Amino acid sequence: MRLRIDLAYDGGGFYGWAVQPDIRTVQGEIEQALHRILRVDPNDASEPLRLVVAGRTDTGVHASHQVCHIDMSPDILERAVGHMKVPAVTALEHRLQRVLPDDITIHRISEAPVGFDARFSALERTYVYRIADRSSEVDPRLRGCVLHIDGDLDIEAMNLAAAQTIGLHDFGSFATPNPGGTTIREVKQADWARVPAQPLIAQPMAGKGYVVPTFESGLVCFTIVADAFARNMVRSLVNGCVQVGLDKRDLDWFKGKMAVPKREGSTGPIAPQGLTLEQLRTYALAPSPTVVLDGVPKDFAFTPIHQYGDLLECRSFDSPSALLDFFFYERVRLARIKSRSADLFHHLTTLQERAVRKAENRRQELLDCADKDKYRIYGDLITSNQYALEKGAPFYDLENYYEPGTMVRIPADPALSPSANAQKYYKDYRKKQVAEQKLTGFIAQAEAEAAYLDSVLDALSRSSTDAEISAIRAELTAGGYLRHRGKEKPAKALKPLEYQTVDGFHILVGRNNVMNDKLTLKTAAGEDYWFHTQDTPGCHVVLVTAGRAPSESALHDAAVLAAYNSKARASSNVPVDYTRVKFVKKPAGAKPGRVIYTDYKTIFVTPTREETERMIQLG
Numbered sequence: 035m036r037l038r039i040d041l042a043y044d045g046g047g048f049y050g051w052a053v054q055p056d057i058r059t060v061q062g063e064i065e066q067a068l069h070r071i072l073r074v075d076p077n078d079a080s081e082p083l084r085l086v087v088a089g090r091t092d093t094g095v096h097a098s099h100q101v102c103h104i105d106m107s108p109d110i111l112e113r114a115v116g117h118m119k120v121p122a123v124t125a126l127e128h129r130l131q132r133v134l135p136d137d138i139t140i141h142r143i144s145e146a147p148v149g150f151d152a153r154f155s156a157l158e159r160t161y162v163y164r165i166a167d168r169s170s171e172v173d174p175r176l177r178g179c180v181l182h183i184d185g186d187l188d189i190e191a192m193n194l195a196a197a198q199t200i201g202l203h204d205f206g207s208f209a210t211p212n213p214g215g216t217t218i219r220e221v222k223q224a225d226w227a228r229v230p231a232q233p234l235i236a237q238p239m240a241g242k243g244y245v246v247p248t249f250e251s252g253l254v255c256f257t258i259v260a261d262a263f264a265r266n267m268v269r270s271l272v273n274g275c276v277q278v279g280l281d282k283r284d285l286d287w288f289k290g291k292m293a294v295p296k297r298e299g300s301t302g303p304i305a306p307q308g309l310t311l312e313q314l315r316t317y318a319l320a321p322s323p324t325v326v327l328d329g330v331p332k333d334f335a336f337t338p339i340h341q342y343g344d345l346l347e348c349r350s351f352d353s354p355s356a357l358l359d360f361f362f363y364e365r366v367r368l369a370r371i372k373s374r375s376a377d378l379f380h381h382l383t384t385l386q387e388r389a390v391r392k393a394e395n396r397r398q399e400l401l402d403c404a405d406k407d408k409y410r411i412y413g414d415l416i417t418s419n420q421y422a423l424e425k426g427a428p429f430y431d432l433e434n435y436y437e438p439g440t441m442v443r444i445p446a447d448p449a450l451s452p453s454a455n456a457q458k459y460y461k462d463y464r465k466k467q468v469a470e471q472k473l474t475g476f477i478a479q480a481e482a483e484a485a486y487l488d489s490v491l492d493a494l495s496r497s498s499t500d501a502e503i504s505a506i507r508a509e510l511t512a513g514g515y516l517r518h519r520g521k522e523k524p525a526k527a528l529k530p531l532e533y534q535t536v537d538g539f540h541i542l543v544g545r546n547n548v549m550n551d552k553l554t555l556k557t558a559a560g561e562d563y564w565f566h567t568q569d570t571p572g573c574h575v576v577l578v579t580a581g582r583a584p585s586e587s588a589l590h591d592a593a594v595l596a597a598y599n600s601k602a603r604a605s606s607n608v609p610v611d612y613t614r615v616k617f618v619k620k621p622a623g624a625k626p627g628r629v630i631y632t633d634y635k636t637i638f639v640t641p642t643r644e645e646t647e648r649m650i651q652l653g
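With positions in the sequence shown counted from 1, the corresponding number in the working numbering is that position plus 34.
So this is what it looks like as structure tokens:
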């Protein structure tokens, strides 16, 4: 059976919550007491008596309300009763309260409802950080749970900083990096306040010259509420706010840390003694194993996750074992894929940047050709007036018959005759004309190369198998972008992805540029429908009609697959062009995957994984 334990502790004497050998911890003290009360050998693997906590606290951090759970057999629990005439759960609560040291208090022990998990059933956590500044009356009794600061805190400025944290954000600047985890959290409340100095007794007692103040009078308190916190997140946020409050940093600095999640020394955690976990709000649900994905599996839980909104994908599983199999298998597989493709990403990115720079440089050179017609006009005007002009003049003032009524001053070389000056201008005109034609071609070539490399990068970003990466590597080698690597095994032949719609139509999806060409130009029939995202790299998608008129839902499904397998996967209202395959042609000399099409229509779709899963993937 599972028991829920609500407790509190003074963290000053502990090295955090989690049990550690030869070090005093909260978990270690409680588990040691449980083994003694229930007479269970700590080495008994059949009854491990291990606590699972809602949230681990660091060294020196306190808790006025912490929640954990423990699993044990009813027979073992019954040992707590002894001579007491109370239920076993109550008996364990009483005995544990007496046995534990003074810096740990058990509020209550209760039988947990079905589906309860201390970690994953925590709906909301509330932390409070207490500070005594120069405006506070320092009470020595609070030295263990209050941080003393020699300075005056600007509460208004600190609240302006704290307001930046409310909502869903990446707190990477204020949290210790967790490999494989995420620092995205949703903060529901964050504010600073100075506790008013109000007496506990409204009016001084007759004849008495003093009042009894509240224990926290004058303290500066930071209250923050969220469904979960990253490691060292609260203390680091407090440190950032305090720096603003002491005028060591300005508000723009804090806003910058929120906008760009980058960890550095000035946003490290403040001292732990002022921090207390004040409240935990929990709910009990039947287990719902869920994996959080950001392209790759980031985290998992056994209850529904809503905190990430639309920023991250949350995928549910039928059982915890299915979740764990998927999570760790995918993590290892994707890590291997990333390692294999890292050199390709770097190489392709370098080549694409080079092509973009080349096109931009050619455009700058093209600007120098924009005035080419001026040189032809100068040549024409000099030729028309050459018999009236004298050799040796530094310039000619002539009427511009191209713009009647206007005069133009034409620079001339005094060493040349008027006829020779005219020929010089004609030569300059032809030179710029030829340069313009060549530069226009060079720009188109560089832009086509950049677009092609972008499409390869897109295909590589969606590659999830070794075979897909090998196919892309073979494509780049054939195109001269990679060197042959000796006797390399030929890439395994891949087939297009194949789907079936609910009304029985088949849809084929190319995986890379070479496959796109083969699918569109060789496999598909002329009356089939071809789909591609508008002006965005992506796969060729073919809706196989087999002589039938496609339904509206089939056209929509094919468009969704085209958008989902493109660079616009994460966008909404993606424009997808579609036409009959017979209207799709490949220009002579075009790169793999590059086609032109006519007689097309455009459909707007929002691609989602749920939309694609409505279709049956074949093979």
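Don't be surprised by glycine CBs; every beta carbon is placed ideally from N, CA and C.
Keep in mind that this is a model prediction, so the values were computed, not measured.
* To do: Decide yes or no for the touch test of the region 48–67 against the region 137–144: beta carbon pairs closer than 8 Å, at least 3 of them.
  => yes
* Presumed contact (8 Å Cβ cut-off) between I371 and I503, rounded CB distance -> 7 Å
* To do: Run the CB neighbour count on Q61, radius 10 Å, all protein chains shown included, and call it buried at 16 or more, exposed below.
  => buried
* **Helix, strand or coil at S144 [DSSP, three-state]** => strand
* To do: Please go through the same chain and pick out, in chain order, the residues whose beta-carbon is closer than 8 Å to the beta-carbon of A122, but skip the five residues on each side of it.
  => P108, L111, E112, A114, V115
* Where does Y654 sit, in a helix, a strand or coil, going by DSSP? -> Any property of residue 654 remains undetermined from this structure, which presents the chain solely from 35 to 653.
* What do you reckon, are the CB atoms on K620 and D569 nearer than 8 Å? -> no
* Asked: Which residues does DSSP pair with I371 in a beta bridge?
  -> Per DSSP, none; premise fails for I371.
* Distance, A52 Cα to T59 Cα -> 6 Å
* Take L130 as the anchor and find which of A596, H182, Q66 has the nearest alpha-carbon. => Q66
* In terms of DSSP beta bridges, what is P626 paired with? -> Answer is none; P626 lacks a bridge partner.
* To do: Report the partner residues of I503 according to the DSSP bridge assignment.
  => BP columns for I503 are empty, so no partner.
* Asked: Is DSSP giving G572 helix, strand or coil here?
  -> strand
* To do: Could you spell out where the alpha helix (DSSP H) holding E220 opens and where it closes?
  => Segment 218–228 is the beta strand (DSSP E) holding E220; no alpha helix (DSSP H) there.
* **Segment limits, alpha helix (DSSP H) that includes P530** => From DSSP, P530 is part of no alpha helix (DSSP H); its letter is neither H nor E.
* Of the residues R603, F249, D591, S322, the one placed nearest Y612, counting alpha carbons only -> D591
* To do: Confirm, please, whether the CB-CB distance from F361 to F334 is below 8 Å.
  => yes
* To do: To the nearest angstrom, report how far apart E575 and E481 are at their CA atoms.
  => The question names Glu, yet the displayed sequence has Val at residue 575. Cα-Cα distance, rounded: 24 Å.
* To do: Count the CB pairs spanning the region 551–563 and the region 490–504 that are closer than 8 Å, and state whether there are at least three.
  => no
* Candidates G185, G290, F154, Y161: which alpha carbon is nearest R168's? -> G185
* Asked: What is the C-beta distance between V87 and A152, in whole angstroms, given that I count them as a contact (C-beta under 8 Å)?
  -> 6 Å
* To do: Return the chain-ordered list of same chain residues with a C-beta closer than 6 Å to the C-beta of G544, the five sequence neighbours on each side being excluded.
  => P530, N550, L553, C573, H574
* To do: Tell me whether Y436 sits in a helix, a strand or coil according to DSSP, three-state version.
  => coil
* **Own chain partners of A602 with C-beta closer than 8 Å, once the 5 adjacent residues on each side are dropped** => T567, T570, G572, V608, P641
* To do: Please confirm whether Y459 and G413 have their CB atoms less than 8 Å apart.
  => yes
* Asked: Would T217 pass as a contact of A264 if the rule is Cβ separation under 8 Å?
  -> yes
* Residue span of the alpha helix (DSSP H) that contains K552, given as start and end -> 547–552
* Asked: Expressed to the nearest angstrom, what Euclidean distance is found between the alpha-carbon atoms of L85 and C348?
  -> 27 Å
* Any chance the region 64–78 sits against the region 274–281, with 3 or more Cβ pairs inside 8 Å? -> no
* **Cβ-based burial, E644 [other Cβ within 10 Å; buried from 16]** => exposed
* Which whole-angstrom value is the C-beta distance of R283 and S207, which I expect to be below 8 Å? -> Not confirmed; about 12 Å, so no contact.
* Is the region 400–414 in contact with the region 452–468, if contact means three or more CB pairs nearer than 8 Å? -> yes
* Could you say if the region 617–632 and the region 577–589 meet the contact criterion of at least three C-beta pairs nearer than 8 Å? => no
* Cut-off 7 Å between Cβ atoms - residues of its own chain near T440, not counting five sequence neighbours on either side -> N434
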